[in-house]
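Protein chains in written order, with the working numbering: chain A, -16 to 261; chain B, 103 to 331; chain C, 2 to 308.
Glycine included, every Cβ here is placed at the ideal spot set by N, Cα and C.
These numbers come from a predicted model, not from an experiment.
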Amino acid sequence: MLTLIRMELLKIFKKWRTYIGFLAIAILIPIIQIATYFEGSGYLNMALQGLKQQFFFVGNLLNGYFLGNMLLNSLFVHIPFLIVLVAGDLLAGEATAGTYRIILTRPVSRFQLINAKFIAGILYTVSLLLWMALLSLGLSLVIFGSGELVVIRQKIIILAANDVLWRFALAYLYAILSMSTVMALAFLFSSLVENSIGPIIGALAVIIIFMIISVLPIHSLEAVKPFLFTNHLDKWMEFFGDPVDYPQIFKSAFVLLLHIGGFYVITLKIFTGKDILS
Amino acid sequence: MKNLLRIVFLVFLYGTLSAQNSTPLLESVRHKLNRVNDYTVDMRIKINVNFLKMKDTRARLYFKKPDKIKLEARGFALVPRASFNFSPLRLLQKKFLTVYVKDSLDNAVIKLIPPAENEDIILATLWIDRRDTLISKIEVATRKNGLFQVLYTYGKEKKYGLPQSSRFFFNVKKTGFHHFPVPEDNNTSGGKKQAKNIVGNVTIFYSNYKINTGLKDAVFQDETEEELD
Amino acid sequence: MLSEQKIIEVHGLTKKFGKLTAVDHLELNVYRGDVFGFLGPNGAGKSTTIRMLLSLVKPTSGSIQIFGKPLSRERARILRRIGAIVEKSDFYLYLSAYKNLEILARISGIAHPEKRIREILELVRLTDRAHSKVKTFSHGMKQRLGIAQALLHDPELIILDEPSTGLDPRGVKEVRDLIFRLSKEEGKTIFISSHILKEIEQVANRLLIINKGAAQVEGTVEELLNSEQLSVTFEVDSLKKALKTLEHSQWISLLESARNNRLEFKLAKKSIPELTDKLVREQVKISAIIPRRSLEDYFLKITQGDL
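Structural data, given as structure tokens:
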């Protein structure tokens, strides 16, 4: 199985499209960091203007943690696209290339192959998010230094500098879970067709539609909303609350795990029973 | 008739005498505070406000007469502006009319009205401990920012009128914070949210005073220094 | 000498795609050491059958046993001993030939495949292009690489679906020579489907012709070809003399054409010496006897339903 996973990772990382995500992040994040370096305090001042009327600000809230949090918030909507770009190709790409015939005539079961591809897809997701963490948090800390983290939501929460890093670690762990759900969905679609465009567009369409449903103020949809996985994708934000709402996080994580499991099982069922005619 | 006139005279005399006695009391407080030319002090700031969540922070305050201040913190700290804007020393530097005086052997309550109508302060009330000549409480009503209340306790440095702790209570209109999200508001009326005030208190604990050490002006030459109102 | 051990045994194999029956109760036996030709026109069910043998397609009904084991239960063990080319050879175009083979070797369980890959690439004459990306390969090169991947793990059974497609004459000959060597020298069993019938005729010892999903005939090449009548052309010095000799004989009814000093007969192979003897005794000089019997004729007849 390890050999299979290695071979799948080799195939993933030898394709140019894999690097679109890494490149996009590598370009976008430094641009935002440079802009913030010169303009960022203005944004923060505006956001905290009311607070400044009542309090002196001693020290600087524009630090690496603030940037890291802001970047995670802003880029989170775009990461799914970068995930489905690769995940949608995991199975459909083999069909397009006709390479099922040389792989599946080897002494490897479809079950093993699906597992290897699924795990490779998750590892790609992990690597992309780690890359994002490295640039958005790591590089921000190098440029802007560390300090207290201000989180502006229903309340303004200012977290002590030594109380932040573990939150980022858990937030990224949750983000991996979220994006693995997106990966699993694209993976499922990939098993249905022989061209990777369909799964990419299909997965994104599902995400967008579910997000729209989530915000529609229609009473009859309220019962459905808690089960839409898109409602649980951004619960990593809860790690920056005080106190951290662990019950909510665990509940959402459980929903996501259910979705991942469900997508995986359906994909397995489809793929193991499928006739390879390509 | 004569008895009635006598009573009126005595009441008038008492009131006049009381009015005259409040000014010397304030002068005594002012004199005590003026003994401090400069000081540095470490502050521990505890914030308890409904829209803000923050652990206790620490800062160091440098002060030099008449109004130079500098704040330093290792990380980040929020220091209420009211602690300076409505500090006893600043209040007593302004000109006020004393309108009403309530007096006892231990405490005096003095209301101060700013002479000009365009002042932000509408009314200030001081509670003064006569025995130690120290201000124990200040209440300030402002046009822009509502009502502030400050409670002081004193320790080692009471001879200089420098507090051991101060607690600020405030009740500010939400409109003062319109640039960031308001607290969760479940009350709706006709589809619009009810306006809510931001309420809370901030407690500052002072320690490690260093008084009249001859702080140089250079200490206060800092681009990031905030200006007082 | 061929072993009687059955390598492939297919009973009642059927595959339906909706209402279309692609393979219809196919019976097939391949013995150890066979070079088994699997013939049929386009759409006859050849590729579907091969895909079922390789478990790429699930049969609707019927059974497949390979190496005496049921394919449905011992798939991995069976596939370990099979090498295959299924239709066009497709690879990961963005990877080099070497990398493609490395992936396949490792999946096949070859832990250190470097030496084997080099040997195989040399066998198919792709050594100098080992590290070129497959997308730069010509069709013929891809076919050779396809053969390479089929032989990579030294399989006992080699299934070749149209292996000469797209190859130049040299390539076709090389494939033929390779099949001979694998069969005769290395004792491999080869299952080869093709519509290049001359190729099958030259390499196969047994064959099955399939049409519309169903087996038409199965047997050794010799049996199948001896069972039919041949077209035999006699080149003679005098057409007139030859015709006069034959005019009242049984042979005249078998004459199909006579022109340009050539007599063309339809007769069984065993009848050739008798006719030759007759003509020679009547002083007809024979410069050539050309039997035009080929599997192609037989194949066309079978599939058109003439036999």
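Bridge partners of asparagine 30(C) according to DSSP: Glu10(C). In this structure, phenylalanine 192(C) lies away from isoleucine 148(C), with their beta-carbon atoms at least 9 Å apart. Bounds of the beta strand (DSSP E) holding aspartate 140(B) are 140 to 151. Within the model, the alpha-carbon separation for arginine 137(B) versus phenylalanine 222(A) is close to 50 Å.
Put simply, the CB of tyrosine 93(C) is near chain A, with a gap under 9 Å to one of its CB atoms. With respect to the C-alpha of serine 163(A), the residue from Ile97(A), Ile14(A) and Tyr107(A) having the closest C-alpha is Tyr107(A). Counting the other Cβ atoms within 10 Å of the Cβ of glycine 172(C) gives 16 or more, which makes it buried. A distance of 9 Å or more separates the beta carbons of isoleucine 85(A) and valine 58(C). Around the Cβ of alanine 77(C), a 10 Å sphere holds fewer than 16 other Cβ atoms; the residue is exposed. Taking 7 Å as the cut-off between beta carbons, the residues of the stretch 112 to 133 of chain A near chain B are Gly130 and Glu131, in sequence order. For arginine 177(C), the enclosing alpha helix (DSSP H) covers residues 170 to 181. Between histidine 154(C) and serine 97(C), the C-beta spacing is not below 9 Å. Within the same chain, and ignoring the five residues on either side of glycine 167(C) in sequence, the residues whose Cβ sits closer than 7 Å to its Cβ are His140, Gly141 and Gln144. When the beta-carbon positions are compared, glutamate 257(C) and glutamate 248(C) stay at least 9 Å from each other. Ranked by Cα distance from phenylalanine 18(C), the options Ser272(C), Gly214(C), Glu115(C) and Ile108(C) are led by Gly214(C).
Annotation: Cβ neighbours of methionine -10(A) in chain C (cutoff 7 Å, chain order): Ile104, Arg107 and Ile108.
When Cβ-Cβ separations below 9 Å define contact, asparagine 247(B) makes contact with chain A. Less than 9 Å separates the beta-carbon of glycine 71(A) from that of glycine 185(A). In this structure, DSSP gives glutamate 131(A) a state outside helix and strand, which the three-state scheme calls coil. One alpha carbon belongs to serine 309(B), the other to leucine 135(B), and they sit about 18 Å apart. Judged by DSSP in its simplified three-state form, methionine -16(A) adopts coil rather than helix or strand. The distance from the Cβ of leucine 255(C) to that of lysine 241(C) is about 19 Å, inconsistent with a contact at the 8 Å cut-off. One alpha carbon belongs to isoleucine 290(C), the other to serine 232(C), and they sit about 11 Å apart.
Beta-bridge annotation (DSSP): glutamine 251(B) is paired with Glu241(B) and Phe271(B). Here glutamine 66(C) is bridged, per DSSP, to Glu10(C) and Pro71(C). Linking lysine -3(A) to serine 161(A) through their CA atoms gives a straight-line distance of about 25 Å. In the three-state DSSP reduction, valine 36(C) falls in the strand class (E or B). At a Cβ-Cβ threshold of 9 Å, isoleucine 210(C) and valine 218(C) count as neighbours.
For glycine 47(A), the nearest beta carbon of chain C is not closer than 9 Å to its own beta carbon. The DSSP-derived three-state label of asparagine 209(B) is strand. Only residues of its own chain outside the window of five on either side were considered, and among them none has a CB closer than 7 Å to the CB of leucine 156(A). If you draw a 10 Å sphere on the C-beta of alanine 188(A), you find fewer than 16 other C-beta atoms in it, and that means exposed.
Around lysine 148(B), no beta-carbon contact reaches into chain A at under 8 Å, the shortest distance being about 13 Å.
Each residue's CA atom was taken as its position, placing tyrosine 141(B) and leucine 191(B) some 13 Å apart.
In chain order, Thr15, Lys16 and Lys17 place their CB closer than 8 Å to the CB of threonine 61(C), counting only its own chain and leaving out the 5 sequence neighbours on each side. Here DSSP, grouped into helix, strand and coil, assigns glutamate 257(C) to strand.
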